[in-house]
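Protein chains in written order, with the working numbering: chain A, 5 to 264; chain B, 5 to 264; chain C, 5 to 264.
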């Protein structure tokens, strides 16, 4: 089931539940080029969701890992020469294998060179670009808005996942707003990075990138709400959201999804 | 007390308890060349058990760290040029100092170059090779079995620790099967890597590599069972197994060890 | 409010509370060159305290990150060529921007080259050097004592934060002893590294380096005491101290600070 513009809340929630069920059934391999801060947490979030994560960066080996994966994340945090070389090979391998990939241009608002590299990468055809409002401004030169995101998505033939208090997802035609999540999510490092890895996991089982992105953000947002009920602060929350992702099922998504 | 073929369950459990007591008493320094995902969790697992971990990879410094250590782990996860250079120096230093070391050939089933490098390393004389069934097949070209593991151990004069639902340990003559552990252990990234680090810790205080490996796998397996009683999922389990390793004592091992 | 020699316990506690309030109000950006084991835990500790952490090491980007930061940590754990190059640029940028920085010479007692590099860095003017007793001996050639620390601080025009069962802080004239903390803090990897990052965070809002260091060590020590009341061992303690830092306020510091 896809996720057409104008889908009801129930339809969108059911679509997310379907994607989750496919992730669980297929256990996709998801390779992540991600930052040093995020590697462990991302691997645990992917394992809890039912995926098989790998994190190798070495130019000699990454081709083999990406070649055997069903999903790929390129996250620009703590970017360095090793990650740049790994990205070049990974993106080439993805193009050869028609493997969908997600770009997370972390902190492009803080380093101009990184923003330039992110623009080069967008020309290489990521299925999804997931970023926050400051990163969107730095990357596009425009204030973040529904219209600016849709224009950017159309121009670059990608899906934009713009995170914020409400997450906005658009492929240029369709737009979805997701209101799930909890404020403690912003207090755990690499939460956004792990969310982008979940987008890659959903893309591995759902060819419609808009639906895959919406599903991933509903899943992690609902997991965050469930985790907040158990947590005493951001430290226990980081463990609780992994527990929540492991336990979550379609009925929780259907009960709690806030999609409009 | 060693761990002869045909030891009773009680004898094997007592041997593991003795090794644990020596780790606690001596607090061995264990140097780990390990992957980026595993470094933090491995250090915390070693600290909880009573060791002093170090993780430096720099070619300029690793000789000094390994030279001052009582145990060494070489784990091939997220392998790269820095880790390859570090391994060369570490293995040389270990040979000079007669320092026992453990090889964990992570994901050799996913990257042929890594499997080739692992074969070179095995020729350098690790006391223990710890790996899962897919890695065993990739490394040896044989299906994983008691007989194949024993033959490999004899040929390479090493101890094989083959992990699975039941862990199999063999030096080619003796074979032990360890049934401890919990399914959540497979849902926490770097759990196997940390287990191999515990093997290195036990080797630091127990010269018989077969006994050291069996002790380490009993200790982590029992800790996993204790942790599962407290955990709500893999996130809380990762913290609980560190708590369990910190609290575990010989009586828990003697009560719970499943060795045959 | 500063922290003069001879301040009452109450005065010192109030000074720490004031610094904490400023960190919370300003949310300083703190850039950390830190070791691979510490990156995730340090980022979460800083986020919980109210800061915006960044961890990039790439020579191409670190100037931009440090140039936009209010605090900087240089931690020598898992030091390698990338971290050395990053440090050179970061320290230059800090000097140009009059940005205060903290040096944490991790494990200089284990590697002579690292000790030599630490001595070069001290000549570059860190506002604070935070280290344990073994590191102090290796760095200075003197046994750790109140007098030796004060002499070193005077000679190098820095503040020395000497950690131990009681933390000692001195700028050569003033000396404070802080008795807060809990023994589980020594059982969590990177706890000292995260403490030094908190010193950098406090330096970002408090120009008197002696007061900033005392405040940071009171804050983390009290957080450790609060965490120990919830923890079952070092695994749950690591999460609980992040929760405690997130929840801590001036009144907890005033009630619990042990400063003399």
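Ideal Cβ placement from N, Cα and C applies to all residues, glycine included. Keep in mind that this is a model prediction, so the values were computed, not measured.
Interface with chain B (8 Å Cβ-Cβ cutoff): residue 75/A is excluded.
Here DSSP, grouped into helix, strand and coil, assigns residue 136/B to strand.
Note on geometry: alpha-carbon atoms of residue 174/B and residue 152/B lie some 10 Å from one another.
The stretch 207-221 of chain B makes contact with the stretch 148-165 of chain B, as at least three CB pairs between them are under 8 Å. Taking 8 Å as the Cβ-Cβ cut-off, the stretch 214-231 of chain B has no residue approaching chain A. Within the same chain, 183, 184 come within 6 Å of residue 262/B by CB-CB distance, once the 5 residues on both sides are set aside. Not a single C-beta of chain A is nearer than 8 Å to the C-beta of residue 103/C.
Only 40, 43, 44 from the stretch 18-45 of chain A bring a Cβ to less than 7 Å from some Cβ of chain B. When C-beta distances to chain C are compared with 8 Å, the residues of the stretch 83-100 of chain B below that value are 86, in chain order. Beta-bridge analysis with DSSP links residue 160/A to no other residue. In chain C, no part has a C-beta under 9 Å from the C-beta of residue 189/B; the shortest such distance is about 14 Å. Against chain B, the beta carbon of residue 65/A has neighbours under 7 Å at 83, 115, 117, 118, listed in chain order. Annotated three-state conformation of residue 253/C is coil, per DSSP. Within chain C, the residues placing a beta-carbon under 9 Å from that of residue 57/B are 41, 193, ordered along the chain. For residue 247/A, the three-state secondary structure derived from DSSP is helix. For residue 77/C, the uninterrupted beta strand (DSSP E) segment begins and ends at 75-79.
In the three-state reduction of the DSSP assignment, residue 167/B falls in the strand class. Distance from residue 85/C to residue 205/C at the Cβ level is roughly 28 Å; contact not present, criterion being Cβ atoms closer than 8 Å. Following the DSSP letters along the chain, one finds residue 108/A in no alpha helix (DSSP H) but inside the beta strand (DSSP E) bounded by residues 105-108. Residue 218/A and residue 192/B have their C-alpha atoms spaced approximately 26 Å apart.
CA-CA distance, residue 119/B to residue 258/A, rounds to 45 Å.
Residue pairing of residue 41/A in beta bridges, as defined by DSSP: absent, with no partner found. Bridge partners of residue 181/C according to DSSP: 172/C. Neighbourhood of residue 238/C in chain B, by CB distance below 8 Å: 48, 51, 52, 246, 247, 250, in chain order.
Within chain A, 114 have C-beta atoms less than 8 Å from the C-beta of residue 72/C, given in sequence order.
Residue 61/C belongs to the set of residues whose beta carbon lies under 8 Å from a beta carbon in chain A. Buried is the label assigned to residue 104/C, since at least 16 other Cβ atoms lie within 10 Å of its Cβ. Close to residue 68/B, with beta-carbon spacing below 8 Å, are these residues of chain C in chain order: 114, 115, 116, 117. Under the Cβ criterion of 8 Å, residue 111/A is counted among the residues facing chain C. For residue 203/B, the enclosing alpha helix (DSSP H) begins and ends at 195-207.
Within chain C, no C-beta atom comes nearer than 8 Å to that of residue 201/A; the closest sits roughly 15 Å away. The alpha-carbon of residue 136/A is positioned some 9 Å away from that of residue 111/A. Residue 25/B and residue 27/A have their alpha carbons spaced roughly 44 Å apart. Under DSSP, residue 58/A forms a beta bridge with 35/A.
DSSP, read as helix, strand or coil, puts residue 263/A in strand. Around the CB of residue 170/C, fewer than 16 other CB atoms lie within 10 Å, so the residue is classed as exposed.
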